[in-house]
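Chains as they are written, first to last, in the working numbering: chain A, 1 to 218; chain B, 1001 to 1218; chain C, 2001 to 2304.
Using N, Cα and C, we set each Cβ at its ideal position, and we do this for glycine too.
Since we're looking at a predicted model, the values are computed, not measured.
Reviewing the structure listed below.
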Amino acid sequence: MNEQDAAPDGLSELEMLPGGARSALEAVLMVIDEPATSEELAAGLNVTVAVVEDLLHDLQREYSGYTVKAPEVDAVGFADASTAPRGFELRNVAGGWRIYSRSDFADIVGRFVLEGQTTRLTQAALETLAVIAYRQPVSRARVSAIRGVNVDSVVRTLTQRGLIEDSGNDPESGAVLYRTTSYFLERMGIGSVAELPQLSPHLPGLEGIDEHYDASRM
Amino acid sequence: MNEQDAAPDGLSELEMLPGGARSALEAVLMVIDEPATSEELAAGLNVTVAVVEDLLHDLQREYSGYTVKAPEVDAVGFADASTAPRGFELRNVAGGWRIYSRSDFADIVGRFVLEGQTTRLTQAALETLAVIAYRQPVSRARVSAIRGVNVDSVVRTLTQRGLIEDSGNDPESGAVLYRTTSYFLERMGIGSVAELPQLSPHLPGLEGIDEHYDASRM
Amino acid sequence: MGPSLAPTTDAGSAVTAEAPDAGTSEGRKAGFEVRLANFTGPFDLLLGLISKHKLDITEVALATVTDEFIKYIRRLQELGEDWALDEASEFLVIAATLLDLKAARLLPAGEVEDAEDIALLEARDLLFARLLQYKAFKQIAGIMGETLEQEARRYPRQVALEGHFAALLPELVWRHTPEQFAELAAKALKPKDAAPAEVGLDHLHAPPVSVKEQAEIMGYRLKLGAPLSFQTLIADAETTLVVVARFLALLEMFRDRVVAFEQPGPLGELTVRWTGDDADWDSSSLNEEYEVGPDAGSGENSSE
C-alpha cells in the first residue's frame, strides 16, 4: 500500500511510538464511533492491510483474555497481557471493526445506562430538536451557530433517542447532516415534516435568517 | 477490600464475572459519552466509591504501562499487565472519568476523527477565557476592564464553542455573569477550576517586562 | 502576542506604523511597528510602549504616541481594514491611561501634598496594578493555550450507545403539540444577538463621553474671547473621563489650529486661547478617529 524504504509494511515509523503499532491501532479503535474496515485502518496507520489484520486479531484475542505474543515484541516486551478478559471487546461487524463493551457485562452496563436517565428531554435537547426539525437536513455546526452553544452531546442524545438520524454528508463541507426520523413524526402525531406548523407567525421579519447564519457560521 | 460473605462493598457479585470488577468497570467506561464521576460509576456497579476509585486508579496505571498488582487478584489473576502503554488512557477530568486516546497517537487518530476537531483559539479569545476562568462568575464589563478592550464578540465565540456559559445575573447591576463550563475543564484536562495554575507567580513587578513581553509574544 | 515592538536605539526617533502585511522581519529594526495580527488591546500596546521606553514613562512623548496611532489608523482605513474603527475607539483608553501615568510620573518626588497629587499617585498605582494584572492574565492565557493544544491531542471516547442499550432507555415523555413545538422552534431560531447593527454598551462603566462633544463645549466657551485656564475648562467636569476627553479635544483643536496654549513652565498653569478665525468652527472638522467613541452622535447636545 505505501512503501516505506526498508519497511514495506510501514511498521518502522509506528514502532517509534510508545506501544508501537498495536497501541496506535488501539488508540484509533478506542475513539472511532463508526466501525472502520481493515483497509481504512491500514490507510490511517500507513501500514499494509495484512499488518493491520494481524494486529486486529492480536488485540481481539488479547481483549478476550488469551495470551498473545505480539509479533513486534522486543526486549521489554508486553511480556504478556492479562489472561482475564477485559471489559471490552473488539468486534468485526459487517466488515468494520469497533470496540464494544463486553456482552458478559450487559446487565451491569444496562443498569448503569438506566441510572439517572430521565424520561423527558431537556430544554436544550428540545430546542436543538426544534432547530433540526425546521432546518433539516442540517449540520451540527449550523445548529450550533443558531443555538449559540455547542450541541454535540445533545445531538448524540437525540440520535440515541431515535428522534434524529444521519442523512448523509454535506456535498461541500462533508459534514454529517441530520434530519428527523419517522419516530419523531409519530411522537408529534403528524404524517410528515410538511405538517409541522408554519414558523412565520412566530418569526416576524426573519426572512433571510438563513443567510445571516451561514455567513456568521465560520 | 474483598470480603466474600458479607460483602458490604458489593464486590462479591462482580467477582463471579469474567475479569471481575475491574472488567465490569471497563465495560461501563466503554459506553459513557461524558465523564462519569466515581459516585455514578459506583452506583452503576453497585460497589462502594472507595472500591471504584481503587479500581479506577489501577486501570489508569495499567493503561499507562505500569505494572499493576490488583488487590483482588485471584488464582488466575491478571498476572500482570503489559509494560508498554496502551493506546488509550483513563483520565479524571471535569470531575469525572473518561477514556481518551493517548496523545502520542494524535496524528494518527486525527485522521479518523475529523469531526469535533477544534480550531485554535485566537489570542484575544484565550485572554478573555483566562480572565473568565480566574474571575468567574464575572460580567463582560469586568472582563472588558481587565483586558482593556470590548470583549462582546469574543464572549459570544467562547459561548458558542461551549467553553463558557451564562451563570445568571449579577444581583446588583443585573449584568449577565459568565463562568467556564465542564467542557472547558475537559478541554483543559483538569478536574476543576481549582486546578488551574496559580495566578500569583505571574504577578511580579513590571521590571524585566521586555523579556516577558518578548517571550509571550510568540 | 502583542504588537511587535522592535527595540529602538533612539528613543525619540520618528516612528512608522507599518501595514499589517508589510515586510516585518523579526529582530532589530529601527522604529515602531504595530502589526494587526498581534494587537489585542490597549494594555497590550501600553505594555509594549513602556517596554520600549524602558519604563520611563516621562520619556513617552504623548504627541509621538498619538501620532503613531493616528498614522496607524489612517493607514488601516486607507487599506479598507474593518478593524480600524474598533482600534480607534480603543485609542481613547490608551491615551487616558498614558495621560494618567505621565501626569503621575511628572510629579516631583516627595512633594505629595494636596489631595490632587495623591489622587494622581493613586491613579498611577491603579494603572500599574491593572497592567500587572493584565500581564499576568496574558501569561496565563499563553499557558492555557499550550494546555488546550496539548489536550487537543487526546480524543475522548464518545461513541453512540450500542443499540441494545439504547433500546433499554425508557420511552420519552412527550407532551408537546405541534404548535408548542413550533413556538419552541421560533424561539430557538431567533437570533441571539439581534444584530451587529448595535454596538454593545454594557461594558462601559462610566457614562459615555464624546471628545467631539467636549470640544464643542470648550469651543463655545473659548470663542467668547477670554483665555481660560485648563483648570477652569475642566472645573465642571464630573468625571475623570470628561477631563481626559477635554484634554484630548484640546489636542485635536490645537491640530485644527483653533486654539493656542501657554504654559509658563513644567506643571505651570495651562492657558488656552481661541485663535480660530472661523467663528463657525465646530467639532465636525475634528478627526474622525474620535468619533467612534461610545457616544458617536456628538453634535446633539453641543450647546451645553
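Rounded C-alpha distance that separates GLU165 (chain A) from ALA1084 (chain B): About 40 Å.
Excluding the 5 residues preceding and the 5 following ILE1190 (chain B) in the sequence, name in chain order all residues of the same chain whose CB lies nearer than 8 Å to its CB. VAL1093, ALA1094 and LEU1196
So for ASP166 (chain A), helix, strand or coil by DSSP? strand
Which chain A residues sit within Cβ distance under 9 Å of GLU2179 (chain C)? Under the 9 Å cutoff, chain A gives PRO197.
Among the residues of its own chain, which have a CB less than 7 Å from the CB of VAL1151 (chain B), if the five just before and after it don't count? If we look at VAL1151 (chain B) and ignore the five residues flanking it on each side, its Cβ neighbours are THR1128, ARG1140, VAL1143 and SER1144.
Residue from C:PHE2230, C:GLU2238, C:THR2239 and C:LEU2241 whose Cα sits closest to the Cα of VAL2259 (chain C): For the residues C:PHE2230, C:GLU2238, C:THR2239 and C:LEU2241, the minimum Cα distance to VAL2259 (chain C) belongs to C:PHE2230.
Counting only beta-carbon separations shorter than 8 Å, does LEU184 (chain A) have a partner in chain B? Before going further, note that residue 184 (chain A) is Phe rather than Leu in the sequence given. Chain B, which has no Cβ nearer than 8 Å to the Cβ of PHE184 (chain A), makes this no.
Compute the beta-carbon to beta-carbon distance between ARG1102 (chain B) and GLY44 (chain A), rounded to the nearest angstrom, for a pair I have assumed lies under 8 Å. 15 Å between Cβ atoms; not a contact.
Does the beta carbon of ASP1033 (chain B) sit closer than 8 Å to a beta carbon anywhere in chain A? yes
Residues near THR2275 (chain C) in its chain [Cβ-Cβ closer than 8 Å; skip 5 each side]: Cβ neighbours of THR2275 (chain C) within its own chain (closer than 8 Å, five residues either side excluded): ARG2257, VAL2258, VAL2259 and ALA2260.
Anyone know if the C-beta pair for LEU1185 (chain B) and TYR1134 (chain B) falls short of 8 Å? no
Below 8 Å on C-beta distance, what does ARG86 (chain A) contact in chain D? Absence of chain D from the displayed structure is noted, the protein chains being A, B and C.
Going by DSSP, which residues form a beta bridge with ALA2260 (chain C)? C:ARG2273
Members of the stretch 36 to 47 of chain A that neighbour chain B once the beta carbon cut-off is set at 9 Å: ALA36, GLU40, LEU41, ALA43, GLY44, LEU45 and ASN46
Please check if any C-beta of chain A sits within less than 8 Å of the C-beta of THR1159 (chain B). yes
Near ARG2273 (chain C), which residues of its chain fall below 6 Å by C-beta distance, leaving aside the five closest residues on each side in sequence? PRO2227 and ALA2260
Report yes if the CB atom of SER64 (chain A) is closer than 8 Å to the CB atom of GLU53 (chain A), and no otherwise. no
Can you tell me whether MET188 (chain A) is buried or exposed? The criterion is at least 16 other CB atoms within 10 Å of its CB, across all chains shown. buried
Under 8 Å, Cβ to Cβ, is there at least one residue of chain A near ASP1009 (chain B)? no
When the Cα atoms are used, what is the spatial distance from ASP2236 (chain C) to ASP2282 (chain C)? Roughly 21 Å between the two C-alpha positions.
If you follow the beta strand (DSSP E) that ILE32 (chain A) is in, where does it begin and where does it stop? Premise fails: ILE32 (chain A) is in no beta strand (DSSP E) and is neither H nor E.
For THR157 (chain A) and TYR1178 (chain B), the rounded distance between their alpha carbons: 26 Å
Short Cβ contact (8 Å threshold) for GLN1136 (chain B) with THR1181 (chain B): no
Would you list the residues sitting across from GLY96 (chain A) in a DSSP beta bridge? BP columns for GLY96 (chain A) point to A:VAL93.
Cutoff 8 Å: GLU115 (chain A) Cβ touching any chain B Cβ: Yes, GLU115 (chain A) counts as interfacial toward chain B.
How is the alpha helix (DSSP H) around THR1048 (chain B) delimited, first residue to last? Neither: THR1048 (chain B) is in no alpha helix (DSSP H) and is coded neither H nor E.
6 Å Cβ shell around ARG86 (chain A) - same chain, five flanking residues per side excluded: Closer than 6 Å at the Cβ level, and outside the excluded window around ARG86 (chain A), lie TYR63.
Taking the CB atoms as reference points, tell me whether ALA21 (chain A) and LEU55 (chain A) lie closer together than 8 Å. yes
Helix, strand or coil: how does DSSP classify THR180 (chain A) here? Looking at THR180 (chain A) - three-state DSSP - the assignment turns out to be strand.
Examine chain A for any beta-carbon lying closer than 8 Å to the beta-carbon of LEU2148 (chain C), and answer yes or no. no
DSSP state of PRO1201 (chain B) mapped onto helix, strand, coil: helix
Does chain B have any CB closer than 8 Å to the CB of LEU2248 (chain C)? no
Hey, would you say THR122 (chain A) sits closer than 8 Å to LEU2172 (chain C), going by beta carbons? no
Is there a Cβ of chain B sitting closer than 8 Å to that of SER144 (chain A), yes or no? yes
Based on Cα-Cα distance, which residue from A:SER167, A:ASP9, A:ALA42 and A:VAL154 lies nearest to VAL138 (chain A)? A:SER167
Assuming LEU1011 (chain B) contacts LEU1025 (chain B) (C-beta within less than 8 Å), just tell me the rounded distance between them. LEU1025 (chain B) and LEU1011 (chain B) do not touch by the CB rule: their CB atoms are close to 11 Å apart, not below 8 Å.
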